[in-house]
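Worksheet: one structure, shown below.
In mature numbering (1 follows the signal peptide of the UniProt record, and there is no 0), the protein residues as written are -16 to -1, 1 to 1161.
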């Protein structure tokens, strides 16, 4: 400890000498905050003292010699303020120096603080080409009569003298500050907008075009500049230093009724166009480059122990390998199954918290990476034997807190290929196998000498990780050798080359890229290793081409700047005044509850979580009871529910979902504690204590949604009946119904669900729209700023594995109101669950629900809450006219032999049969080899043909038709020829020869959903008998009262033919109107029959299955026969009182059926050709 103190003192003296030597040559310390602070840049928040120390307040003198605030400005040097030219004019006339006063260090217009300084003006310098009635050249300098005293609350900002192209800041995040219409200094984020996309309102007196020397910017997340912010700066942070790039000239829409209109944009003067003019009037030392990094080296000394760093070790790693380089580590993708990493690259430990390595080893693939120190393979416990050899030392597998990639490194710029790794937990450097290498902390310790260089490598004899001597290669020789290999190489000062000798290469095994280049130096009479470079190409042991390294000396200041040396001062933590304002506004809103649209919301209980209590594990879990599931069934034989998306409950009557998931499937909502596994387990048992299924009354898709999931992707779902909010797992989320809530945009967000449609949460951080726009552009989506969704990313994208969020996953924030955390909805996920790898680098994207609050509230029906919840929400339609349905004759000629109208369509009396699961013409289509795999029902229309829906059989082969008994009836005694007793028919399984699908069948809109099945042999009669087709002219027309619907009665377990009336039958027009409410693009008019499964509270619900027929009972020659009029193709999941079952209309397709039936099949079954034996006379 004493030696470390002595070294710190010595280095302090050296540092003091350096500072004294160069004091007169140093540049002005600008753009740096002097207060340590955890204060985040959030839109519209009050700025803390010292957080924007370069902001100046410009006051005007009025007619009674009192000063009032007019504009903002920026401190450039100790006596110069940068502002807009129009800020030093009044009534189109320039102000005199006596009419202006400047305050610096002020954060409140009405309160003077001890750190506030007031200055008179010595001179006002307006750009010579500025005209008050024009836009260009809106820039001025105010020279002060007294010098500003620089304190930690008052500091100058840096002038931007780098690249003057506007493209360099396009889509970048910037900050503007000002008072606007308030007394407290505020801050807001803005993004630069290209001139084409700029939608700014140019004042008429300025013309109609933005001046070429100006920048257009848009407010972020619902905040932007106001009229009182003119003259203030637009600031960018570059590597910890703040630069002024723009000056607020005017704010679009600042009329009496549009003050601080968040939909408007800002015009700013581009400072870079006026640097030459500014140079004439300011201290030249303020003109610095963004590459200059200023450090307090004395503070950084606390990060290192120069007494112990860089010393070789004599420890032993796993397998007995000598481990002499304790700073050597490896980074790779972490495998939880065996607690290992794949060792993608090598890294070098700088101190117990930081390591350095190549940037290319940390691509944004969402996979967790960890760092291994102390050995080449994981070893959790020391291994010792009795042979008096050193024990094998345990390694340290460490998680990563964050990875800081050099800001200039990119796909197109690999020169700055370096990254700083900050560990989540510190490395234990008390262990001899894990120690830091030395780095030259202060410039005095830095050298460009190239002697005594070595690389970290693996040697096989003896097995060890040790240093191998290498020789420095001149940059010209290095580039020449690579040129011979047709590999153009640019070194400059950022890279250097070495090469190993042939002799040393013989016992040298190359490590991964990132292996350290070391330099042995003498410090305090000890030989210690200093880090000199980082291997980029993984060729340290190669004798063919030199090895190339990042020159660490070139990045030392950047590394040191990004290494944190102390925790934040507790005194600088900000109190959350925003929550207080939010709470007050919410409490005021509750006073209005029960009136107007607010009657639909329960403001006292919304947004409050539930708790899942696990008595077995004793671990309770937070449950978000507003998460629901949008489920569908596919109108098949199987009672399977498919989860399509998550939905978010916003009241007892309404939920929100993404519009892109609304497809042509019959759907309903599940509320409560439910996931796919629970849903399957509860298919045949009641789970009402966990969740409820809710019937949908109406789905309203946003009118501007046109299929692009990134734009207007939102749908409002209305329930048939209110949800049970007394259920412990059902409760709506809150909507941000106050302006305070909408204005507050916290960076920390939560999303639910993020996997398996379970009620689990993931933490995200908000991304500003400009960055999001660029991220989409990088993946090939060029979107205007107005169509950018709300974007977010994982809090630590390196440490956590990226998981694609579920469709409809809700983005939420919490605010503490009256001592309770309450959640508010901010967005819904717009990506599909099945988004491919091509889109894995897109940020998490959400429909910003704040932008659609007006549309949501407008379409919520407040009258529902006033009505009784026990009555039916949808009134039954008026009874239809149950008179005749007149149909024209069939066009197709009915081929002889197709039908037997003397035997078809007679329904037997099955009261005495033991098997009631029997219909003479109803059959099941099964899939071979499993006969229990029932795909759909079909109706037999002749001995050779059956008809039914096609949607369940698409892409299925090897099908059979099962007719007759559905159960084994072999124990029933039936005498042959005995027609007095109805015996159960035999079970007939007939292979299907051919499936004829309607050529215009459309699976998307469910139109022409009909097929004709041709059997491989005719059915055996008499108990299997076809239904009649309405081909005879005398029975083409019918009355509604003649109709029967085939259904299955769950109570009596038999097929029944339910007679229809004016309450159960619906016209196709009324049917279309009702089903349209579920946003189905089905064409139902004139091609369907529609029948209600349950039409009154006292009528039992009759279950339907695909292919169940509907027919008319009509008399021919005194015998009642059944004529097929349709078959079921779709129905609601519930036994609905509103949505009818949809039947394909046979009469519409009768001509197609007749055209495709082969009459010659009746002759093909004979063993001889009857026609050849006929004699004609």
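Note that the Cβ used here is the ideal one computed from N, Cα and C, for glycine as well. Note that this is a predicted model, so its numbers are computed, not measured.
Burial state of residue i (16 or more Cβ within 10 Å)
i            : result
residue 636  : buried
residue 301  : buried
residue 265  : exposed
residue 661  : exposed
residue 454  : buried
residue 877  : exposed
residue 470  : exposed
residue 52   : exposed
residue 250  : buried
residue 104  : exposed
residue 724  : buried
residue 174  : buried
residue 360  : buried
residue 211  : Unreliable positioning characterises residue 211 in this predicted model, as indicated by a pLDDT of 47, which lies under 50. The coordinate reading is nonetheless provided below. Classification for residue 211: buried.
residue 766  : exposed
residue 124  : buried
residue 1015 : buried
residue 740  : exposed
Close-in-space but distant-in-sequence residues of the same chain around residue i (CB under 7 Å, 5 per side omitted)
i            : result
residue 656  : 674, 675, 676, 711, 713 and 714
residue 511  : 504
residue 751  : 775, 776, 777 and 827
residue 1145 : 928
residue 457  : 481, 482, 483 and 530
residue 1043 : 1028
6 Å CB neighbourhood of residue i in its chain, flanking five on each side removed
i            : result
residue 1007 : 969
residue 688  : 696
residue 1141 : 882 and 929
residue 37   : 137, 138 and 139
residue 85   : 43 and 51
residue 45   : 51 and 83
residue 4    : In this prediction, residue 4 scores a pLDDT of 38, lower than 50, which makes its location untrustworthy; no coordinate-derived value is stated.
residue 982  : 992 and 994
residue 1130 : 1108, 1109 and 1110
residue 1096 : 1022, 1026, 1027, 1107 and 1109
Contacting residues, own chain, Cβ-Cβ under 8 Å from residue i (five flanking each side not counted)
i           : result
residue 380 : 356, 357, 358, 411, 412, 415 and 418
Residue i, enclosing beta strand (DSSP E) - first and last residue
i            : result
residue 1121 : Here residue 1121 belongs to no beta strand (DSSP E), and DSSP marks it neither H nor E.
residue 750  : 746 to 751
residue 545  : Where residue 545 is concerned, there is no enclosing beta strand (DSSP E), although the alpha helix (DSSP H) it sits in stretches over 540 to 546.
residue 260  : Element bounds for residue 260: not the beta strand (DSSP E) but the alpha helix (DSSP H), 259 to 263.
residue 724  : Not the beta strand (DSSP E): residue 724 falls in the alpha helix (DSSP H), residues 723 to 727.
residue 101  : 101 to 110
residue 49   : It is not in any beta strand (DSSP E) - residue 49 carries neither H nor E in the DSSP assignment.
residue 1074 : 1072 to 1075
residue 255  : Neither: residue 255 is in no beta strand (DSSP E) and is coded neither H nor E.
residue 932  : 929 to 932
N- and C-terminal bounds of the alpha helix (DSSP H) containing residue i
i            : result
residue 1133 : 1130 to 1140
residue 841  : 837 to 842
residue 1054 : 1052 to 1059
Any chain C beta carbon closer than 7 Å to residue i
i           : result
residue 145 : In the structure shown, chain C does not exist; there is a single protein chain.
Residue i beta carbon near the ligand ADP (any heavy atom closer than 6 Å)
i           : result
residue 677 : Questions concerning the ligand ADP fall outside what the structure shown contains, since it holds no ligand whatsoever.
Would the segment 215 to 232 and the segment 159 to 170 be scored as touching if the rule is three or more Cβ pairs under 8 Å? yes
Report yes or no: do the segment 698 to 707 and the segment 574 to 594 share at least 3 C-beta pairs separated by less than 8 Å? no
Could you name each continuous beta strand (DSSP E) segment of 3 residues or more that falls completely within the segment 609 to 697, going from the start of the chain to the end? 611 to 617, 626 to 633, 638 to 641, 650 to 656, 675 to 678 and 680 to 685
Length at least 4, wholly inside the segment 464 to 500: the alpha helix (DSSP H) runs in chain order: 486 to 489
Contact between the segment 109 to 129 and the segment 69 to 76 (3+ Cβ pairs under 8 Å): yes
Contact the segment 487 to 499 vs the segment 440 to 448: 3+ CB pairs below 8 Å: yes
Sufficient close CB pairs (3 or more, under 8 Å) joining the segment 935 to 944 to the segment 975 to 984: yes
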